[in-house]
Every structure is written in structure tokens, then in C-alpha cells.
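Numbering (the working numbering), first residue to last: 12 to 543.
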Amino acid sequence: MARGPRRALVETLLSNPRLPAYIANLDSRTLARLVDEVGKEDAGELMALVTPSQMRELVETDLWQLNEAREEVFDPERLFEWVAIWREQGGSFMAEKLAGLGEEIVSRALVPYIVVVDMEEIGIAGAFESYGHHAVMPQSEDNWPEVQDLLVELWSGEPEFAERVLARLCAHRSIGVDGISLTNDDDLLDRDVSWTRQDERQRKGYVTPLDSTLFLGTAREASIDDLLIRAVYDDGSRRYLRRLQAEREQPPTDGKDRATTSTDPHLETRGDEVPARDEVWDELDSLLESRHILVRAPVQARLAGPAGPTQNRLRKLLAALASDSPLVCQARLDEIVYLSNVLVSGTDVQGGRFVEEEAAKAVYATCNLGIDFCLVEEPFDSEDAMVDSFLREEPGLVKAFEIGYHLIGQLPAKAIAALAREVTGPSGRRLLRGHPWVQEQLGRALGQAGLTQGGQLTSIAGLADLFETLALVFDHQDCTRLRILCDPYPCFPRSLEADAAASLRVDTRKRYIEDTSDLRRLLGWLDALVLQ
């Protein structure tokens, strides 16, 4: 969005008299989407309205970014973007917000830029920037003016906090052979911040990327027979679901500035209760919803599913269970919340990260696929007995999801096998003959993918780019279908629907795979694939 429309959105929000209470009761994910929409440079006035815990979680989420291996990496430069926003509201405001982040985060962010020594310890005075008995010198010229400004304001506005930050940096300085080294022990500071963050996020109900990756990898690599006989939760799922249940059964005693794991976007409150809703409040909801910033209760909102014949089996079953056995239904909804969080933190989909609403849709579809597979493959006494095994006892929908995810997880390898079959055949070799650079990229990508004798892929990184290149030689629609299947979360290409009409335009639309008829259609297409 261009700067003008972004600023117009901010002005519209600021003109609403309920905005302060409204902002203070938004969850951190909605706040993050709001900041992304308006841009950090225009978010200063909105950030003045958030609570301390909101601000901490918002900034923490921004500072930790996932790398290609889905490992969280701390990016200290992002803190200075936030400092610039807070600085617009005044030096004391900036110091207050920095102190709210905690000394571990601020210390870690300053590590690449400064070295702190105790002047009394090494017997120097006046040679460097000094704060109390600490001498501060630049380790890097990057952001040095901003660092100086930050330290001055922090020392002036939050002197005790500033002293603790400097003391921490001084204590973590690595010691060389001469006893004094002007470098920092980055790894030790990283571990401090990482452990604290992981502990806090687990207590708040987040699923860490590591836990998510482990859960998804286990479901993908396990044998289908092992998944079918599973009778209990895995340890990670059990811990999360027990914590979710305990938090729901024991309401907080202090209503001030708290956060929960609820799927309601208005989950954080000042005072004991969420402020009363009115038409003005609803106007704010509508404005944020129209821009896809506010996503309200994706799991509960999709409980009944869409009306008509497209409603899948799971949604019908849960809708019936909600009126028949509400407590049992809540346990299944807890599982869907958990699985949605696994997808948000643990995998990508079609070139982007999962957002909450899309993750919930994917979970419903994949659980439905797992249940449908069991109806077809497993010898239950009756359909009701099979349904009860998933809806009324653990591991419930976690097991259904694992089965469904395992099934779709085999599709990338099957798609690559079909591609390799075609490009190494007579027709494929003939079409590729005049395109040596395409052959080179194809060979490199297939080598990276590493299709094993067991039918598994070593990696799918780079395959999306490969199909864009292959579309220069082969049918673009077929290459698009293969790209949709060779994804961390394979989907169903809309162009393969039974009622799909032939078109000269390439159809890039897709949906989640939700039953065994979808799988049969995809596998049949791969078996019959002839690249032209």
C-alpha cells in the first residue's frame, strides 16, 4: 500500500473516539498485521496506545525472524526501526518502551554495536562515552549515532534499567588471554534471550518452530500403519493441550494487562472486562476486517462450515457434537487451535507463511482427509464407531491430522517422480534438446531434491523456480499443477476439478486436499501425465 493510503487509514482510526480502548484490547497478531498494513513509519501514534505486554510481544515477534531452515534468528537492526517510531513520541517515551522489553532483549540488540567495560576494572577514565562507571565504545560504526541517542535517552529516562543493561553487556564480554577483550560473547547472550523467549511463548500457548517442525516431520516420515494404531497424544501435543485446558479451567485472578490463548482477537484487556461493544466499536472491527487485518475466531467461525453440498464430513460432525456434547467438542476445538498454531509456526504454503484463518482451513481439510481415509481403509464395525474414535477420545483430531498430513506429504515425491519420468523419456529429451540452460537447472534441481529409492525427497527447495523455467518448454498449465503439488503443504489445483473448463489462460487457483477422492484424482493425473 502506498504511503498516502496508509496514512489515510491511520487518520481514520485516530478519528474514532473508541480507538484507545480498542487498540488496548487487540491481540498481538492483529496488531502486527495492522503495523504491516500502515507501515512502521506511520504507526507511532497507534503504538502510543498499546499496553506494555502488547508492545513487548509485538516487538519480540518482529525481532525474531525465521530463516530458510525455519530457525528463529534474532535481527537487532529491527529494534532501531521501533526506536525511530518511539522517538517521535519523545525521548522519555522511547526509554519507557525499551525498558518494557526487558534487559535481555535490549542487551542482545546492542551486542553487535557496542562494547562495555568497567572503567574501575581496567583503570581508564574519560577515553570513551561513559555512563556511571561503564565505558562504552563502538564495536561497529553501523547505527552508532542511533546507539548513542538510545543510550543517552535510556540513561536519562530509565537510569536503573540502563545500568542493568550495561552491566549485563560488561559481564558477557569475552575474556581474552590478556584478560581484557573488546568483543562480546554473542552466543551466550543469544542463549539467554532464546531460552527466556521460548519459555514465555510456551507459557502463552505458542508452538515453537522447532516443536512444529518435529511434529510435522514425524507425521510425514512415519509409516501409515504406525499412525493408524496410535492411541495416545505425542508428548508435545499432550503438553500443549493440557496447558490450554488448565488455563481455561483456572481464570486469571488479575485482569490487568493480561493475554490468553483465546482465538478471540480482542483477547487482551485493561481492567477486569473487555469494554462494552457499540456501533463505534463495530465500525473499527469492520474497517480492519475489510483490510484483512482483523481475523475473528477462525476456528469457531468455521465450526459449521459453509452451507450446501461443499460442507465436508468433519464440519458436519463437529456441528452435531457442539450441541450433543459441548465439552467433548471443546476438546476437539482445542486440538484444531493447536494444529493451526503448528502450521503457522512450522511450515509454509504455496510460497508464503500460513496465517491463522488459512491454517484453520487447512487443518479442517487435512483432518477430514484423515477421517475419510480411515473410513475407506480401516475395518471398523460401523461408521459411527470410527467417528467416535476421532471425536470422543484422544488422540482425536491430532491423529486424524497426522494421517491426512502423511498422505499429502507423499505427493511432492510422486510429482517429482512423474516429472523425472517425463523429462528423461524420448519426448521430454527431444523438447529439451534446444534448451541447454533449462536442462542444467533441471538437473541441478532434481539433484537437490534427491528422490530416494524409498520414494522420499531430500529437499523441495528451489522447485518453485524450476517449474517457472520448465513452463518455457512444456505446457504451462501442467507445470503450474506440478508446482502446486511440490510444496511444503501440497494443495489441489483447481484446474483438475471434475467440472473444470478448458481455458487458454493458466489457472493458478488451488484449494486444500480434503478427501480420498481428491487424492485419487491427483495420483491418477500424475500416472497419466504426458508433458508436451
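Using N, Cα and C, we set each Cβ at its ideal position, and we do this for glycine too.
Here residue 445 is exposed, its C-beta having fewer than 16 other C-beta atoms within 10 Å. Under the 10 Å beta carbon count, residue 440 is surrounded by fewer than 16 other beta carbons and is classified as exposed. For residue 514, the secondary structure class from DSSP, reduced to helix, strand or coil, is coil.
In the DSSP assignment, residue 140 is bridged to 147.
Its Cα nearest to that of residue 292, the residue 36 stands out among 36, 21, 16.
For residue 169, no beta strand (DSSP E) run applies, since DSSP gives it neither H nor E.
Rounded to the nearest whole angstrom, the CA to CA distance from residue 525 to residue 379 is 6 Å.
A contact between stretches requires three or more CB pairs, one per stretch, nearer than 8 Å, and the segment 79-98 meets this requirement with the segment 119-132.
In the same chain as residue 127, and ignoring 5 residues on each side of it, the C-beta atoms closer than 6 Å to its own belong to 145, 147, 177, 180, 181, in chain order. Secondary structure at residue 365: coil, using DSSP grouped into helix, strand and coil.
In chain order, 104, 105, 108 place their CB closer than 6 Å to the CB of residue 97, counting only its own chain and leaving out the 5 sequence neighbours on each side. In the three-state reduction of the DSSP assignment, residue 290 falls in the helix class, which pools H, G and I. The C-beta separation of residue 381 from residue 415 comes to about 4 Å, placing the pair in contact by the 8 Å criterion.
Distance between residue 406 and residue 239, taken at the CA atoms: about 11 Å. DSSP places residue 541 in the coil class of the three-state scheme, outside both helix and strand.
Here residue 226 is not bridged, per DSSP, to any residue.
One alpha carbon belongs to residue 398, the other to residue 386, and they sit about 9 Å apart. When DSSP states are grouped into helix, strand and coil, residue 256 belongs to the helix group. Residue pairing for residue 522: DSSP places it in a beta bridge opposite 503. Taken through DSSP and simplified to helix, strand or coil, residue 498 comes out as coil. Excluding sequence positions up to five before and after residue 112, its CB lies within less than 7 Å of the CB of 67, 70, all in the same chain and listed in chain order. Taking C-alpha positions only, residue 436 is separated from residue 326 by approximately 44 Å. Straight across, the Cα-Cα distance linking residue 56 with residue 116 is about 23 Å. Between residue 373 and residue 537, the gap from beta carbon to beta carbon reaches 9 Å or more. For residue 83, the uninterrupted beta strand (DSSP E) run begins and ends at 83-85, by DSSP.
At a Cβ-Cβ threshold of 9 Å, residue 24 and residue 295 count as neighbours. Ranked by Cα distance from residue 236, the first of 76, 173, 413 is 413.
The beta-carbon distance between residue 478 and residue 493, rounded to whole angstroms, is 6 Å. This is short enough to meet the 8 Å contact definition. Relative to residue 141, the option among 129, 447, 150 whose CA is nearest is 129.
The shortest CA-to-CA distance from residue 95 to any of 324, 54, 83, 75 is the one to 54. By a beta-carbon distance limit of 8 Å, residue 41 contacts residue 304. Their separation comes to about 6 Å.
Between residue 118 and the set 153, 152, 38, 161, the nearest pair of CA atoms involves 161. Within the same chain, 329, 332, 402, 407, 408 come within 8 Å of residue 343 by CB-CB distance, once the 5 residues on both sides are set aside. In this chain, residue 306 is not harboured by any beta strand (DSSP E), its DSSP state being neither H nor E. Closest in alpha carbon position to residue 252, among 172, 221, 351, is 351. Scanning 232, 226, 358, 532 for the CA closest to the CA of residue 245 turns up 226.
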